[in-house]
Amino acid sequence: MDWTALGLSLRLGVLTVVLLLPVAFLLARSLAYGRFRGRGVVEAVVALPLILPPTVVGFYLLSAFGRGSPIGSTFEGLLGHPLVFSFEGLVLASVLVNLPFAVQPMQNALAAIPRSVREAARCCGLSPLAAIRRIELPLALPGIATAAVLTFAHTLGEFGVVLMVGGSIPGETRTISIAIYDRVQAFDEPAAATMALVLLVLAVAALGISNTLARRAARQD
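Number 446 in my numbering belongs to position 39 of the sequence shown; there are no gaps in the numbering.
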């Protein structure tokens, strides 16, 4: 069992959730309530990681994060090392790849809030920020929790993007999914089976939590 890889995957998952959820909530709110030109295009772009093969997404991210790109050159100029094949690069790639897993559950939860409730909040004199804090966040909490669970679980199991952007650097970019691949390549099936079982248990637990939250939200409706 590669405990270093598991610890790195858990740290990557937590950081992805913490960084992504606030941005995803604002985006989900705009898509749920906004009526603007190009809304369908934005929704399509958000959903792209669900459709494109991970290696394709990883290739484009590798190009966007490379030394010749504005993002990559700026990052290297500030921190002194490349963005690709670094833990920071993995975090940024994970945030982008997990957009649909965070945005869509929150968008659905926000869209389910009756318009009359939001209008009543405005009539009571609540500011937009207060309405978000006191009305929208509590009512959308099951969707937010589902987004967090799905994002964390998907981050743990992501392989193609991680391999393309991060490679397999021990203690830096070798996540547990990469460690499983490495063990299989080395014909170490017992170690690969143990790590695969850990991911299976985590995935089942995440799905169980997500389904429980969905049923609870349905009962509240």
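Virtual Cβ for every residue (Gly too), placed ideally from N, Cα, C. No experiment lies behind these values; they were computed from the predicted model shown.
With a CB to CB cut of under 8 Å and the five nearest residues on each side skipped, what residues in its chain are close to residue i?
| i | result |
| --- | --- |
| residue 521 | none |
| residue 408 | 598, 601, 602, 605 |
| residue 510 | 431, 434, 435, 438, 453, 554 |
Could you tell me whether the Cβ atoms of residue i and residue j are closer together than 8 Å?
| i | j | result |
| --- | --- | --- |
| residue 629 | residue 556 | The shown model of the chain, from 408 to 628, leaves out residue 629, and the question about it has no answer. |
| residue 605 | residue 413 | yes |
| residue 494 | residue 580 | yes |
| residue 427 | residue 524 | no |
| residue 568 | residue 468 | yes |
| residue 550 | residue 515 | yes |
| residue 424 | residue 497 | no |
| residue 577 | residue 462 | no |
Around the Cβ of residue i, are there at least 16 other Cβ atoms within 10 angstroms (buried) or fewer (exposed)?
| i | result |
| --- | --- |
| residue 526 | exposed |
| residue 458 | exposed |
| residue 451 | exposed |
| residue 507 | buried |
| residue 499 | buried |
8 Å is my cut-off, CB to CB: does residue i come that close to chain C?
| i | result |
| --- | --- |
| residue 491 | Included in the structure is just one protein chain, with no chain C present. |
For residue i, I'd like the list of residues in its chain whose CB is within less than 7 Å of its CB, leaving aside the five on either flank, ordered along the chain.
| i | result |
| --- | --- |
| residue 489 | 474, 479, 483 |
| residue 586 | 409, 412, 602 |
**Prompt:** Does the segment 534 to 543 come close enough to the segment 597 to 611 that 3 or more CB-CB pairs lie under 8 Å?
**Reply:** no
**Message:** Report the start-end ranges of each alpha helix (DSSP H) in the segment 552 to 599 that is 4 residues or longer and not cut off at the edges.
**Reply:** 567 to 573, 583 to 592
**Request:** Can you check the segment 502 to 549 for any alpha helix (DSSP H) of at least 4 residues that lies completely inside it and give the ranges in chain order?
**Result:** 506 to 518, 522 to 530, 535 to 538
**Prompt:** Where are the alpha helix (DSSP H) runs, 4 residues long or more, that stay fully inside the segment 436 to 504, in chain order?
**Reply:** 446 to 458, 461 to 472, 477 to 486, 494 to 504
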